[in-house]
Amino acid sequence: MNLSEPFIKRPVATCLLALSLLLAGALAYFNLQVAPLPQVDFPTISISANLSGASAETMATSVATPLERVLSQVPQITSMTSSSSLGTTQIVLQFDLARNIDGAAQDVESAIASAARSLPKSMTAQPSYHKVNPAQQTVMSLALTSKTRPLIELNRLADNFLAQKLSLVPGVGLVDFHGQQRPAVRIQIDPDRLAARGLTLADVRSIVGLSTISAPKGTISGTNSAVALNATDQLNDTTQFANLVVAYKNGAPIRLSDIGTAVNAAEDVHQAAAVQGEQAIIIDVHQQPGFNVVQTTQTIMANLPSMTTALPADTHVQVVGDRTQTITASVKDVQFTLLMSIALVVMVIFLFLRNVASTVISSITIPLSLLGTFALMYFLGYTLDNLSIMGLSIAVGFVVDDAIVVIENIARHREQGKSAMAAAIDGTREVSFTIMSMTISLIAVFIPILLMGGMVGRLFREFAITVSIAIIISGLVSLTVAPMLSSRLGKG
Numbered sequence: 001m002n003l004s005e006p007f008i009k010r011p012v013a014t015c016l017l018a019l020s021l022l023l024a025g026a027l028a029y030f031n032l033q034v035a036p037l038p039q040v041d042f043p044t045i046s047i048s049a050n051l052s053g054a055s056a057e058t059m060a061t062s063v064a065t066p067l068e069r070v071l072s073q074v075p076q077i078t079s080m081t082s083s084s085s086l087g088t089t090q091i092v093l094q095f096d097l098a099r100n101i102d103g104a105a106q107d108v109e110s111a112i113a114s115a116a117r118s119l120p121k122s123m124t125a126q127p128s129y130h131k132v133n134p135a136q137q138t139v140m141s142l143a144l145t146s147k148t149r150p151l152i153e154l155n156r157l158a159d160n161f162l163a164q165k166l167s168l169v170p171g172v173g174l175v176d177f178h179g180q181q182r183p184a185v186r187i188q189i190d191p192d193r194l195a196a197r198g199l200t201l202a203d204v205r206s207i208v209g210l211s212t213i214s215a216p217k218g219t220i221s222g223t224n225s226a227v228a229l230n231a232t233d234q235l236n237d238t239t240q241f242a243n244l245v246v247a248y249k250n251g252a253p254i255r256l257s258d259i260g261t262a263v264n265a266a267e268d269v270h271q272a273a274a275v276q277g278e279q280a281i282i283i284d285v286h287q288q289p290g291f292n293v294v295q296t297t298q299t300i301m302a303n304l305p306s307m308t309t310a311l312p313a314d315t316h317v318q319v320v321g322d323r324t325q326t327i328t329a330s331v332k333d334v335q336f337t338l339l340m341s342i343a344l345v346v347m348v349i350f351l352f353l354r355n356v357a358s359t360v361i362s363s364i365t366i367p368l369s370l371l372g373t374f375a376l377m378y379f380l381g382y383t384l385d386n387l388s389i390m391g392l393s394i395a396v397g398f399v400v401d402d403a404i405v406v407i408e409n410i411a412r413h414r415e416q417g418k419s420a421m422a423a424a425i426d427g428t429r430e431v432s433f434t435i436m437s438m439t440i441s442l443i444a445v446f447i448p449i450l451l452m453g454g455m456v457g458r459l460f461r462e463f464a465i466t467v468s469i470a471i472i473i474s475g476l477v478s479l480t481v482a483p484m485l486s487s488r489l490g491k492g
């Protein structure tokens, strides 16, 4: 039975099917997400631990080492990286791609709990962990600056106004800061005055910690009612800290102002950000997986003037980083390469066939195969990235082979005196098995790429599947649309 015969004898239905494939592909192309590389979610967990005042060496030996010892026992970890700095340790765990991230998070939580006995007792908070998605890359960076306002005030404006509005934009997954300056009260102790009164820094630290707390005070109960005491012992400004009694000597109180001063400053004075020499708060916008990064950035740029209307007039917001510019330029360059490949293939076909009708028929398989591939890419959730477009550029040379074989065999039957319809049916019947074997053999080349493991395998899997889809569609088009057009457009 000739599978191509029903398509050859029903040109209207075949043309409608081809037109439907073209429209579906064109619609999918304009809705495909744009990205530099295929989106691959790697199971990654980040653990953070803080110990105020500890040096990097202390953090590495007293905090990072006990955590690494227990975390190394968690199954299916492919890599573990640790970095320690002043008062902070960061450990990043990357798991096998087949590992469930939720199960890995439970194992990490259990490991942290078992390591608690080995950690320093002075840690005020246990290590925390959170799931990390490497696909949430920074797509845009904004800088909030002012020539009159302090950084603490800019930090409040960025956190309370700008960041909240950015988080509402579709496609924004995370908004974080660089050079963050949260308000705090810093106590500066004079060592000489402290020693003269027989006190130590540990004494002052413990008193300050115990004196500024917000703890429940209990209730006052009566016969018919009860009243909850809502008082707080939390200190809020420098005056309250300055009047704080840290000790008693010879019946006289020693206040904090006697041994030092309390000043309003930033919570962390060891980090800062600047734009062209001017101090600023940098706001990084990360993409949310499943959204078009270019469209998200364009939406932010369009809504940025309305987002900044609530900010004071003496503040300025500027875009200092836009990763979509390089993404768009890279994708456009590969798209130009794809169009150039199509033009070169069509030119070569015409030079060898020297027949306009045969060239048109064989060339039609290119847009049908590529647009059909776009439709399936959209269905599979793939992105329009450098690897997928590169795969389509390579597939351009493959998709016309089947059509040329069919057209050449139909032309041979025409030279024997057969009608266009008979030549198309007989010629296609003879090479149908050949077309199928050619298609399967070309797909078989990409099987090793499909079976590759690890990060490289995940990245190139989309490339291999994209090329394979284009080859399969070209084989189908060569056995349906190409012989139908040959029976109508050929010389008779």
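For the sequence shown, the working numbering assigns the number 1 to the initial residue and increments by one for each residue that follows.
Just so it is clear, CB atoms sit at the ideal spot from N, CA and C, and this is done for glycine as well.
| Check | Outcome |
| --- | --- |
| What is the residue span of the beta strand (DSSP E) that Thr239 lies within? | No beta strand (DSSP E) holds Thr239; the alpha helix (DSSP H) holding it covers Thr238 to Ala242. |
| What is the DSSP secondary structure of Ala313, counted as helix, strand or coil? | coil |
| Secondary structure at Arg354, three-state DSSP: helix, strand or coil? | coil |
| Does the distance from the C-beta atom of Ile443 to that of Ser468 stay below 8 Å? | yes |
| Mind checking which residues open and close the alpha helix (DSSP H) that includes Thr253? | The amino acid at residue 253 is misidentified as Thr; the sequence shows Pro. That residue, Pro253, is in no alpha helix (DSSP H); its beta strand (DSSP E) goes Ala252 to Arg255. |
| Determine the direct distance from the alpha carbon of Val40 to that of Met452, and round the result to whole angstroms. | 14 Å |
| Can you grab the Cα-Cα spacing for the pair Phe291 / Gly171, in whole Å? | 5 Å |
| Among the residues of its own chain, which have a CB less than 7 Å from the CB of Gln335, if the five just before and after it don't count? | Ile389 |
| My parser needs the alpha helix (DSSP H) runs of 4 or more residues fully inside the segment 331-382; what are they? | 356-380 |
| Could you tell me how far apart the beta carbons of Pro36 and Asn355 are, in whole angstroms, since I believe they sit closer than 8 Å? | 42 Å between Cβ atoms; not a contact. |
| What is the rounded straight-line gap between the Cα of Ala158 and the Cα of Gln287? | 19 Å |
| Rounded to a whole number of angstroms, what is the C-alpha to C-alpha distance between Gln33 and Gln295? | 9 Å |
| How big is the Cα-Cα spacing for Thr297 and Ala280? | 21 Å |
| Could you pull out every unbroken beta strand (DSSP E) segment of at least 3 residues lying fully inside the segment 88-136, listed in chain order? | 88-95 and 128-132 |
| What residues are listed by DSSP as bridge partners for Gly277? | Looking at the DSSP assignment, Gly277 forms no beta bridge with any residue, so it has no partner. |
| If the criterion is Cβ atoms closer than 8 Å, does the pair Thr145 and Val319 meet it? | no |
| Using only alpha-carbon positions, find the residue among Ile300, Pro305, Leu338 and Gln73 that is nearest to Ala111. | Gln73 |
| Less than 8 Å between the C-beta atoms of Met307 and Leu162, yes or no? | yes |
| Tell me whether Val12, by its Cβ, gets closer than 7 Å to a heavy atom of the ligand FMN. | Among the components modelled here there is no ligand, and therefore nothing to report on the ligand FMN. |
| Cutting at 6 Å between CB atoms, please list the residues of its own chain near Ala220, excluding the five before and the five after it. | Note that residue 220 is Ile in the sequence shown here, rather than Ala. Closer than 6 Å at Cβ, skipping near neighbours: Val227. |
| Using alpha carbons as the reference points, say which of Asp107, Asn155, Phe463 and Val245 lies closest to Ile207. | Val245 |
| Could you compute how far the alpha carbon of Gly492 sits from the alpha carbon of Thr428? | Since pLDDT at Gly492 reaches only 40, below the 50 mark, its modelled position is unreliable, and the value read off the structure follows with that caveat. Answer to the nearest angstrom: the Cα atoms are 17 Å apart. |
| Taking Cβ to Cβ, would you say Ile47 is nearer than 8 Å to Leu67? | yes |
| Helix, strand or coil for Thr148 per DSSP? | coil |
| Determine, using beta carbons only, whether Val345 and Val396 come nearer to each other than 8 Å. | yes |
| Could you check if Tyr248 is buried or exposed, using at least 16 other CB atoms within 10 Å of its CB as the buried criterion? | exposed |
| Given a threshold of 16 other Cβ atoms within 10 Å of its Cβ, counted over all protein chains shown, does Gly260 qualify as buried or as exposed? | buried |
| State the DSSP-derived secondary structure class of Leu479, mapped to helix, strand or coil. | helix |
| Apply the 10 Å Cβ neighbour rule to Leu476 and answer buried if 16 or more other Cβ atoms are within range, or exposed otherwise. | buried |
| Per DSSP, Ile410 forms a beta bridge with which residues? | Answer is none; Ile410 lacks a bridge partner. |
| Could you check the C-alpha separation between Ser474 and Met455 for me, to the nearest Å? | 30 Å |
| Return yes when the Cβ of Thr365 is within less than 8 Å of the Cβ of Val400, no when it is not. | yes |
| Name the DSSP bridge partner or partners of Lys249? | Ala252 |
| Since Pro183 sits in a beta bridge, which residues does DSSP pair it with? | Ala266 |
| Which residues in the same chain as Ala482 place their Cβ atom closer than 6 Å to its Cβ, once the five residues preceding and following it in sequence are excluded? | Ile361, Ala403 and Val406 |
| As a quick exercise: from Gln271, Thr480, Gly391 and Ala302, pick the residue whose alpha carbon is nearest that of Thr337. | Gly391 |
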